[in-house]
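Undergrad: Here you go, one structure.
Okay, here's the thing in structure tokens:
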């Protein structure tokens, strides 16, 4: 959608249309979610939230496609209700929609990044007052509040957020920082958020060596 908006070339809009049709026809789990892998129809992972939800919400808003909007929103709502750790406020990597069993580490950095990317990247396209909008906005605020204390002195986030002495992960740091930055347009506020983004940026710049981004 960005390419079409920037260039107005119809081929990019046609490509977006094809992607949206694919997602709307994608076989759902028995509970209505979009599985990450076709071979595991009940397994829902945070990765897909960042990959598809912002696209579906942006596409739905710009094309007037309510089905696409609802599909993107539904994935986020479902994960927030079933894939989180209530004690820490951080996500698991995923969950089984049939059994309710949760998978992976609590607060795996990239899962946090995918979820925050999905939330912030979708919220900017939702009209204020929409039924699910405040639920998603409040969960972005709560998740950000759980994430900020996990930032280390050098501005990075660890591969596992609570593991403050574990390896730094530039992938997780980049996704979290960009989501916080976009989140400033979605209800996040305060000097702490802006400071966290700045410090993360300084860390990411330090990871660039001869044109390569390391520690990812």
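Numbering (this note's numbering), first residue to last: 551 to 766.
Where is the CB? At the ideal position from N, CA and C, for every residue including glycine.
Looking at C-beta atoms only, is the number of pairs between the stretch 604–619 and the stretch 631–650 that lie closer than 8 Å three or more?
TA: no
Undergrad: From the DSSP output, which residues share a beta bridge with residue 582?
TA: Residue 582 is not bridged to any residue.
Undergrad: Please list, in chain order, all residues of the same chain as residue 576 whose beta carbon is under 8 Å from its beta carbon, the five residues on each side excluded.
TA: 584
Undergrad: From residue 697 to residue 742, what does the alpha carbon distance come to, in whole angstroms?
TA: Whole-angstrom Cα-Cα distance: 12 Å.
Undergrad: Can the beta-carbon of residue 671 be found less than 8 Å from the beta-carbon of residue 732?
TA: yes
Undergrad: Decide yes or no for the touch test of the stretch 707–714 against the stretch 680–690: beta carbon pairs closer than 8 Å, at least 3 of them.
TA: No, because fewer than three Cβ pairs between the stretch 707–714 and the stretch 680–690 fall closer than 8 Å, the two stretches do not touch.
Undergrad: From residue 730 to residue 621, what does the alpha carbon distance come to, in whole angstroms?
TA: 24 Å
Undergrad: Whole angstroms are fine: how far does the CA of residue 579 sit from the CA of residue 759?
TA: 43 Å
Undergrad: Can you give me the C-alpha to C-alpha distance between residue 740 and residue 748, rounded to a whole angstrom?
TA: 13 Å
Undergrad: What are the boundary residues of the beta strand (DSSP E) that includes residue 645?
TA: 644–646
Undergrad: Where does residue 746 land, buried or exposed, given buried means 16+ other C-beta within 10 angstroms?
TA: buried
Undergrad: Given that a residue counts as buried once 16 or more other Cβ atoms are within 10 Å of its Cβ, and exposed if not, what is residue 717?
TA: With fewer than 16 other Cβ atoms within 10 Å, it is exposed.
Undergrad: Under 7 Å Cβ to Cβ from residue 724, same chain only, skipping five residues before and after it: list those, please.
TA: 754.
Undergrad: For residue 679 versus residue 750, is the C-beta spacing smaller than 8 Å?
TA: Cβ atoms of residue 679 and residue 750: not closer than 8 Å.
Undergrad: Whole angstroms is fine: what's the gap from residue 644's alpha carbon to residue 571's?
TA: Straight-line Cα distance between these residues: approximately 25 Å.
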